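Everything on this sheet refers to the single structure shown next.
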Amino acid sequence: MKNMKLIVLIEVAIMAALAVVVDLIPSIKLTPSISFNVAMVPIFLLAFRRGFKAATLAGFIWGLLQVALGEAWVVHPVQVFLEYFVAFAFIGGAGLFSSRIQSAVRDGGKKGLLSWMLLAILVGSVARYFWHFIAGVFFFGYLAPDNLSPVLFSFAANGASMLGSAILCAIVLCALVATAPRLVKVEDGRSMNRKAA
């Protein structure tokens, strides 16, 4: 059991570091407030493999690394906490579907696998961007055009960013899993959420 936990923790560290590296790929920027990227892909892969706890921890570490490496957009300590620690950790919500995804991988049903993956990506993305939306209302309302309230501006900017990033991540992950399903499959069938027998 200790070896299993160590393997999962190593995967957590690798995926958090990989997310930092993938985040260096230039984003698709529509406006200064709206951008799309695939940086969540490693956290989603971990969520599919190891579940909620592992993905939440990896997301938190990714956010921590963003701040530590000076990649964070800092306006206020509360904003940093919400946007880098809470929001990034909430990507782990995708891990709530880990057992369904693992069952679909074992059963070989690609349609079911892709459906569960897409739902997991949507949940993880919405969970993350909800916190960006909250931070946007309170800390970036001054960027809103005169004809938009801070709430509508944050909803539009973060909603568009969430949707675009979720779609890009879904395309990349569906292509990866279609060509290499072993990236998602856990041979030992264990995650941080389940106790080893």
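Under the numbering used here, the first residue of the sequence shown carries the number 31, and numbering increases by one thereafter.
In this text, a Cβ means the ideal position worked out from N, Cα and C, and glycines have one as well.
Being a predicted model, the structure only gives us computed values, none of them experimental.
Candidates the options: closest to residue i by CA position
| i | options | result |
| --- | --- | --- |
| G93 | I55, F183 and Y114 | Y114 |
| F170 | F82, H106 and R212 | H106 |
| I305 | L54, F163 and A84 | Residue 305 is absent from the model: the chain starts at 31 and stops at 227. |
| R159 | G139, I121 and P175 | According to the sequence provided, residue 159 is Tyr. The question's Arg does not apply to it. Comparing Cα-Cα distances from Y159 to each of G139, I121 and P175, the minimum goes to I121. |
| V71 | L99, V108, S184 and V51 | V51 |
Buried or exposed by the 16-neighbour rule on C-beta atoms within 10 Å, applied to residue i
| i | result |
| --- | --- |
| L112 | buried |
| W161 | buried |
| K225 | Confidence is the limiting factor: at K225 the pLDDT is only 43, short of 50, which leaves the residue's position unreliable and the question unanswerable from this model. |
Nearest-angstrom beta carbon gap, residue j and residue i [assumed within contact, 8 Å]
| i | j | result |
| --- | --- | --- |
| N67 | S195 | 6 Å |
| G123 | G154 | 5 Å |
| R79 | V214 | 6 Å |
Three-way DSSP call (helix, strand, coil) for residue i in this model
| i | result |
| --- | --- |
| S57 | coil |
| F170 | coil |
| S179 | coil |
| S129 | helix |
| S63 | coil |
| W103 | coil |
Alpha-carbon spacing of residue i relative to residue j, whole angstroms
| i | j | result |
| --- | --- | --- |
| L149 | M192 | 14 Å |
| L60 | S145 | 28 Å |
| A232 | L173 | Residue 232 cannot be examined here, being either before or after the span of the chain that is shown, 31 to 227. |
| F163 | L126 | 22 Å |
| A88 | Q96 | 12 Å |
| A210 | I40 | 21 Å |
Any C-beta of chain C under 8 Å from that of residue i
| i | result |
| --- | --- |
| L152 | Included in the structure is just one protein chain, with no chain C present. |
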